Every structure is written in C-alpha cells, then in structure tokens.
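Notes follow once the structure below has been shown.
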Amino acid sequence: MQQVESLIAAGRRYARKNGAGIAVSLVLHTLLALLVLAGAARHTTPLFSRPEPFLPIDLVRLGPETRSPPAEQHALVPQQRAGKPQQETAPQEARVSPKGTKPAPDDALDTKLKALAKLKSPDTKLKLEVGQGVSTVDASNGATGDSATYSVRDFVLAQVLRRWTIDLGKAKDKPLVIALQITMKRDGSITEATIIEQARAKTDAYYRDIALGARNAALLSSPINLPPGDYPKEMHFTLRLDTRAVLH
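Under the UniProt record's numbering, the residue at position 91 of the sequence shown is numbered 91, and the numbers go up by one with no gaps.
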C-alpha cells in the first residue's frame, strides 16, 4: 500500500515538473492519429457504392448483305395534286309566265320537240318528195344511222299538236286525221294553212270543227322553231294531224 502511494506521489511530482510537455505530446499524438485515419479512408474502397448508369444495347445480327433504309424524297418545289375535272353544266333558269306563275311540266310532245331541236342540220338544200309535196331535210352530225335523218315536217307537227285543242270525248269515239296544206317561209313563219278536204268539211259538221281547230293551231304555232340549216325561201308540204296523237 505504501508502494502504491509512493508511485502516485512520484507521478504527481513528475506531472508538476513536465505537465506542459506531456500535453504537447498528447496533442501531437492525437493529430498524427487523425492524419493516419484520413489517409487510410482515402485509399479504402467503400463497402456500398452507387452503381454506375448504363444504356441497354440490342445486338443485331447482320446478314450476307445489309442496306440502310431508303431516305425520304422531298420535292424541291411544293406540288399541288391536280383535281378531277368536273363536267360543266349550264344553270337552268326557271321560266315564269307574265302573271308570275310557273308553267306546267313539259309533256311528251314538248320533250320530243326539244330532242329534235338538238339535232344539227348541215348546209344542204331542202329536198322535196314527188307526190304529196312533203319537204324533208337530211341532217348528220358526222355519225351514220337512221337517227341522223329527220324531217322538217316533224318540227312543225310537234309544235302544232301542242296548240291543237279538241273534244276528247268525241275524238275518242271517232278518231280523225286532218290533212292541211302548209306554206312556210325559211324563217319558220306559216303564211297559209288550208284544209285539203274542203268538200267533207262542208257536209260533216264534226269533221269541220276538228279541221278548223287544226288549221287554227297551225297558224298560232307560227313562227316554227327550226334547227339551223339552209332552207328554201318558201316551203310547201302536207301536214297530217291525228286526233289519237292528242289523246295519248
């Protein structure tokens, strides 16, 4: 026990004599230990490190011959796609009568007249048939066939039938054919319409009424709408009007 106390006392005496040196030594040893630990930490690999980023790559096996995809071709100047041609149609104007009312739809005779008027007549002289004196005109639009020939009489007949009014009840029971001798100028104006069967008209009252109506219809139809063509100055022909044509 005395030895321990003596050692403690000796240490106290040594500390009092060399206390400053011991403190400096302790500080130096502490700094040295810190430098050693810092160097060891710099050269040591951490246990848990952040994985480096990576990019997925697909491997493509090349064939015997490999070509790059074709490049897109662009026009030097912007092009505009051409539109489809459209057939031009002439606007149809609605005809209105002087009283402000629209006319009735075209009948079969009017349709036939318009179809005949669309045919083109060449510059040919009017041919007169021997016998009844019927005038005809040959017309062609460059195509062959029966439709290339028509008669001027057809134009006159179609337009006269539109103005011919008869008693439908009597005409149905007793059909008649009225023959008129027509004199017409090249401009389509009818200057004369004569009933051929004058004797029958004097004795048959029914026939006379129908025949007078046919003659009046011919005169009221003047001037006749004729297609373009080279016609004689004056034409003479026989026009036959059948009451059954009006009934149908």
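Cβ coordinates follow ideal geometry from the N, Cα and C atoms, glycine included.
Bear in mind that the values here come from a model prediction, so they are computed numbers and not experimental data.
Mind checking whether Phe155 and Leu226 have CB atoms under 7 Å apart?
-> yes
For the stretch 156 to 165 against the stretch 194 to 205, are there 3 or more C-beta pairs whose distance is under 8 Å?
-> no
First and last residue of the alpha helix (DSSP H) that includes Ile57?
-> Premise fails: Ile57 is in no alpha helix (DSSP H) and is neither H nor E.
Residues bridged to Leu241 by DSSP?
-> Ile178
Closest by C-alpha distance to Thr243, when choosing among Glu192, Gly213, Asp230 | Gly213
Does the Cβ-Cβ distance between Ala211 and Ile195 come in under 7 Å?
-> yes
If you drop the 5 nearest sequence neighbours on each side, which residues of the same chain put their C-beta closer than 6 Å to that of Arg163?
-> Ala217, Leu220, Ser221
Since residue 252 and Leu161 are thought to touch, with beta carbons under 8 Å apart, how far apart are those beta carbons, to the nearest angstrom?
-> Outside the displayed range of the chain (1 to 248) lies residue 252, so it cannot be described from this structure.
When the distance is taken between beta carbons, is Thr183 closer than 7 Å to His236?
-> yes
Would you mind reading off the limits of the beta strand (DSSP E) that contains Thr203?
-> Thr203 -> not in any beta strand (DSSP E); alpha helix (DSSP H) instead, spanning 198 to 203.
With which residues is Lys185 paired in a DSSP beta bridge?
-> Glu234
Excluding sequence positions up to five away, which residues of its chain have a Cβ less than 7 Å from the Cβ of Ala193?
-> Leu180, Ile182, Arg215, Ala218, Leu219
Cβ separation of Pro228 and Gly188, assumed to be a contact under 8 Å, to the nearest whole Å | In fact, because the Cβ distance is near 12 Å, the residues do not count as touching under 8 Å.
Using only alpha-carbon positions, find the residue among Ser25, Pro56, Val152, Leu31 that is nearest to Asp230.
-> Val152
Opposing strand residues paired with Ala193 [DSSP bridges] | Ile182
Cβ separation of Lys174 and Tyr206, assumed to be a contact under 8 Å, to the nearest whole Å = 7 Å
Tell me where the alpha helix (DSSP H) around Gly229 begins and ends.
-> Careful: Gly229 lies outside any alpha helix (DSSP H) and carries neither H nor E.
Span of the alpha helix (DSSP H) holding Asp167?
-> No alpha helix (DSSP H) contains Asp167, which DSSP labels as neither H nor E.
When DSSP labels each residue in this structure, what does Ser222 get in the three-state scheme?
-> coil
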